[in-house]
Amino acid sequence: MTGIYEKLLGAADKDHIKIGEEMRKHTSFRVGGPAACFVTPADGKELAAVLALCRREEVPFFILGNGSNLLVGDDGFDGVVISMECFSSCQVDKETGIVKAGAGASLARIAQEAYKASLTGFEFAAGIPGTLGGAVVMNAGAYGSEMKEVLKSVKVLTPQGEEKELSVSELSLGYRTSCIIPNQYVVLEAKIRLRDGDEISIKSRMDELARRRKEKQPLEYPSAGSTFKRPEGYFAGKLIEDAGLRGFSLGGAQVSEKHCGFVINKENATAADIRNLCEEVKKRVFKNSGVALEMEVKKLGRF
Ligand SMILES: Cc1cc2nc3c(=O)[nH]c(=O)nc-3n(C[C@H](O)[C@H](O)[C@H](O)COP(=O)(O)OP(=O)(O)OC[C@H]3O[C@@H](n4cnc5c(N)ncnc54)[C@H](O)[C@@H]3O)c2cc1C
Numbered sequence: 092m093t094g095i096y097e098k099l100l101g102a103a104d105k106d107h108i109k110i111g112e113e114m115r116k117h118t119s120f121r122v123g124g125p126a127a128c129f130v131t132p133a134d135g136k137e138l139a140a141v142l143a144l145c146r147r148e149e150v151p152f153f154i155l156g157n158g159s160n161l162l163v164g165d166d167g168f169d170g171v172v173i174s175m176e177c178f179s180s181c182q183v184d185k186e187t188g189i190v191k192a193g194a195g196a197s198l199a200r201i202a203q204e205a206y207k208a209s210l211t212g213f214e215f216a217a218g219i220p221g222t223l224g225g226a227v228v229m230n231a232g233a234y235g236s237e238m239k240e241v242l243k244s245v246k247v248l249t250p251q252g253e254e255k256e257l258s259v260s261e262l263s264l265g266y267r268t269s270c271i272i273p274n275q276y277v278v279l280e281a282k283i284r285l286r287d288g289d290e291i292s293i294k295s296r297m298d299e300l301a302r303r304r305k306e307k308q309p310l311e312y313p314s315a316g317s318t319f320k321r322p323e324g325y326f327a328g329k330l331i332e333d334a335g336l337r338g339f340s341l342g343g344a345q346v347s348e349k350h351c352g353f354v355i356n357k358e359n360a361t362a363a364d365i366r367n368l369c370e371e372v373k374k375r376v377f378k379n380s381g382v383a384l385e386m387e388v389k390k391l392g393r394f
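Mind the numbering: the sequence shown is residues 92 to 394 in the numbering used here, read in order.
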């Protein structure tokens with residue numbers, strides 16, 4: 092990707108650009124080689140300028156939230172990774188129950204702010220280790236609730252560089268999908284609509300869900316959460332267990348013994364170990380049950 096750094100200098104402050112940044116530092120799997128350039132735009136203007144440049148110069152780019160649903164290849168990504176880290180504002184209007192937050196705000200923080208204002212409805216998201224932008228893209232959900240139920244509207248940047256406010260019905264939110272990626276939108280911020288609640292009940296719900304996660308999920312190892320989507324009518328973890336794959340490992344990657352739906356980085360796994368393990372799991376589950384598993388985790392770069 093020769094010359095891209097020099098071109099980026101025209102769009103972003105040089106202190107906001109890193110060359111050859113190891114993506115393992117930015118993914119919850121703790122794997123992934125270098126990104127040719129890694130940009131952390133400080134504001135909307137810089138973000139728009141970087142995106143416009145990448146599009147004009149046909150440089151591949153990738154929008155990064157918290158990297159908690161992402162597998163980056165060992166040979167890295169020959170393009171520009173754009174981190175949304177700086178878009179982390181979070182404002183709560185207690186009167187209306189509306190929380191307005193930037194795409195880079197963590198779900199944990201939003202849940203904390205909502206709790207402090209005695210607003211209920213976001214407890215389910217407190218333990219999902221992603222950003223608001225990533226949660227909109229994925230329609231993240233847990234314990235019977237999902238983003239679709241709490242989102243009011245989402246502000247995006249279109250490929251033409253225009254800001255647009257989308258209502259929840261325009262987002263085509265489905266099981267772990269939305270219209271964001273197909274339309275090449277970038278999520279800038281979102282409004283969440285919550286209800287008046289009771290501080291003690293909110294806290295106890297969050298504590299209860301955190302306890303359940305700790306008990307059921309291998310949080311002591313790097314992972315990207317549930318690796319596979321839930322196939323209609325089945326549970327991925329159960330299908331994997333039934334195929335005899337509990338604890339199955341390949342290189343440093345393993346099907347978690349605690350929760351078969353999680354592939355973990357057990358011991359210095361490479362991205363290739365994780366990818367190969369996932370492929371093998373898919374093959375064996377299909378052979379055993381006839382069900383085709385699909386990755387929930389997004390892949391980026393060369394393996
Ligand atoms: C231990 C653990 C537990 C988890 N539990 C859950 C769970 O209960 N429920 C659940 O749904 N998920 C869960 N996940 C998965 C993950 O946290 C969610 O999918 C989360 O929504 C991803 O957000 P992120 O910011 O990390 O996105 P990333 O992984 O950074 O990105 C995911 C996708 O979103 C895109 N993206 C990110 N931000 C933007 C933006 N601003 N604009 C446009 N595109 C963007 C990226 O390009 C990428 O395609 C878990 C993960 C882990 C590690």
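Glycine included, C-beta positions come from ideal geometry on N, C-alpha and C.
Below 8 Å, how does it come out for the segment 259-274 and the segment 165-173: are there three or more Cβ pairs, yes or no?
Fewer than three pairs of CB atoms, one per stretch, sit closer than 8 Å, so the segment 259-274 makes no contact with the segment 165-173.
Of the residues Arg393, Leu138, Phe120, the one placed nearest Gly343, counting alpha carbons only
Counted from its first residue, the sequence shown places residue 343 at position 252. Nearest C-alpha to Gly343: Phe120.
Going by C-alpha distance, which of Leu223, Leu257, Leu300, Leu248 is nearest Gly235?
One-based indexing of the sequence shown puts residue 235 at position 144. It is Leu300 whose Cα lies nearest to the Cα of Gly235.
Supposed contact pair Val247 and Met257 - C-beta distance, whole angstroms, cut 8 Å
The residue you call residue 257 lines up with position 166 of the sequence shown. The residue you call residue 247 lines up with position 156 of the sequence shown. As written in the sequence, residue 257 is Leu, which differs from the Met given in the question. 6 Å between Cβ atoms; contact.
The segment 105-120 contacting the segment 142-162, beta-carbon criterion three pairs below 8 Å
yes
Sufficient close CB pairs (3 or more, under 8 Å) joining the segment 314-327 to the segment 124-135
Between the segment 314-327 and the segment 124-135, the count of Cβ pairs shorter than 8 Å is below three; the stretches do not touch.
Roughly how many whole angstroms lie between the Cα atoms of Pro313 and Asn356?
Your numbering for residue 313 matches position 222 in the sequence shown. Your numbering for residue 356 matches position 265 in the sequence shown. Going by the C-alpha atoms only, they are around 5 Å apart.
Cβ-heavy atom distance, Asn274 to ligand 1, below 7 Å:
Residue mapping note: residue 274 aligns to position 183 of the sequence shown, counting from 1. Incorrect: Asn274 has no Cβ contact closer than 7 Å to ligand 1.
Taking 7 Å as the line, does the beta carbon of Ala192 fall inside it for any heavy atom of ligand 1?
Translated into the one-based positions of the sequence shown, residue 192 becomes position 101. Incorrect: Ala192 has no Cβ contact closer than 7 Å to ligand 1.
By how many angstroms is the C-alpha of Cys181 removed from the C-alpha of Lys207?
Stepping through the sequence shown from its first residue, residue 207 is reached at position 116. Stepping through the sequence shown from its first residue, residue 181 is reached at position 90. The straight-line gap from Cα to Cα measures roughly 13 Å.
Can you tell me whether Ser380 sits near ligand 1, meaning its C-beta is under 7 Å from at least one heavy atom of the ligand?
In the sequence shown, the residue the question calls residue 380 occupies position 289. No, Cβ of Ser380 sits at least 7 Å from all heavy atoms of ligand 1.
Given this structure, state the Cα-to-Cα distance separating Ser292 from Ala103, to the nearest angstrom.
Locating residue 292 in the sequence shown gives position 201, where the first residue counts as 1. Locating residue 103 in the sequence shown gives position 12, where the first residue counts as 1. Distance between Ser292 and Ala103, taken at the CA atoms: about 45 Å.
Considering only residues of the same chain and omitting the five flanking positions on each side of Ile365, which have a CB-CB separation below 8 Å?
Counting from 1 along the sequence shown, the entry for residue 365 is found at position 274. Excluding sequence neighbours, Ile365 sits near Phe120, Val122, Leu162, Ala344, Val354, Asn356.
Of the residues Ser380, Gly392, Phe339, which one's Cα is nearest the Cα of Ala362?
The residue labelled residue 362 in the question sits at position 271 within the sequence shown. Per the Cα distances, Gly392.
On the CB-based measure, 16 or more other CB atoms within 10 Å of its CB, does Ser197 come out buried or exposed?
On the sequence shown, residue 197 is found 106 positions in, with the first residue counted as 1. The residue is buried, with at least 16 neighbouring Cβ atoms inside 10 Å.
Quick one: Cα of Lys373 to Cα of Asp106, how far?
Translated into the one-based positions of the sequence shown, residue 373 becomes position 282. Translated into the one-based positions of the sequence shown, residue 106 becomes position 15. Rounded to the nearest angstrom, the two C-alpha atoms are 43 Å apart.
I'd like to check one pair, Gly335 with Glu348: are the Cβ atoms closer than 8 Å?
In the sequence shown, the residue the question calls residue 348 occupies position 257. In the sequence shown, the residue the question calls residue 335 occupies position 244. Against a cut-off of 8 Å, the Cβ pair of Gly335 and Glu348 comes out as no contact.
Pairwise C-alpha distance: Glu332 and Leu262
Position 171 of the sequence shown, counted from the start, is the residue given in the question as residue 262. Position 241 of the sequence shown, counted from the start, is the residue given in the question as residue 332. Roughly 34 Å between the two C-alpha positions.
Roughly how many whole angstroms lie between the Cα atoms of Ile283 and Lys185?
Along the sequence shown, one-based indexing puts residue 283 at 192. Along the sequence shown, one-based indexing puts residue 185 at 94. Taking the straight line joining both Cα atoms gives about 12 Å.
Give the straight-line distance between the Cα atoms of Phe213 and Glu97, rounded to the nearest whole angstrom.
Translated into the one-based positions of the sequence shown, residue 213 becomes position 122. Translated into the one-based positions of the sequence shown, residue 97 becomes position 6. Rounded to whole angstroms, Phe213 to Glu97 spans 43 Å at the Cα level.
So, Ser380 versus Leu330, is the Cβ gap smaller than 8 Å?
Translated into positions along the sequence shown, residue 380 becomes position 289. Translated into positions along the sequence shown, residue 330 becomes position 239. Going by C-beta atoms, Ser380 is nearer than 8 Å to Leu330.
Go ahead and pull the three-state DSSP assignment for Ser260.
The residue given as residue 260 occupies position 169 in the sequence shown. The answer is helix: DSSP assigns Ser260 an H, G or I state.
Can you find a heavy atom of ligand 1 that lies under 7 Å from the Cβ of Met386?
Taking the first residue of the sequence shown as 1, we reach residue 386 at position 295. No, the beta carbon of Met386 sits no closer than 7 Å to any heavy atom of ligand 1.
In three-state DSSP terms, what is Val150?
If you number the sequence shown from 1, residue 150 lands on position 59. Three-state result, Val150: coil.
What number of angstroms, rounded off, separates the C-alpha of Asp298 from the C-alpha of Ala217?
Indexing the sequence shown from 1 puts residue 298 at position 207. Indexing the sequence shown from 1 puts residue 217 at position 126. The straight-line gap from Cα to Cα measures roughly 10 Å.
8 Å Cβ cutoff met for Leu144 and Gly94
Taking the first residue of the sequence shown as 1, we reach residue 144 at position 53. Taking the first residue of the sequence shown as 1, we reach residue 94 at position 3. It is not a contact, given that the beta carbons lie outside the stated cut-off.
Boundaries (first-last residue) of the alpha helix (DSSP H) holding Ala231:
Translated into positions along the sequence shown, residue 231 becomes position 140. That residue, Ala231, is in no alpha helix (DSSP H); it is neither H nor E in DSSP.
Per DSSP, which one or two residues make a beta bridge with Ile110?
Looking up residue 110 in the sequence shown gives position 19. Cys128.
Can we count Val228 as close to ligand 1, meaning its CB is less than 7 Å from some heavy atom?
Residue mapping note: residue 228 aligns to position 137 of the sequence shown, counting from 1. Within the cutoff, so yes.
Examine ligand 1 and report whether any of its heavy atoms sits within less than 7 Å of the Cβ of Ser179.
By one-based count along the sequence shown, residue 179 stands at place 88. In terms of side-chain proximity, the C-beta atom of Ser179 is found no nearer than 7 Å to any non-hydrogen atom of ligand 1.
Only counting the same chain, and skipping five residues up and downstream in sequence, which positions put a Cβ closer than 8 Å to that of Lys378?
If you number the sequence shown from 1, residue 378 lands on position 287. Within the same chain, Lys378 has close Cβ partners Ala334.
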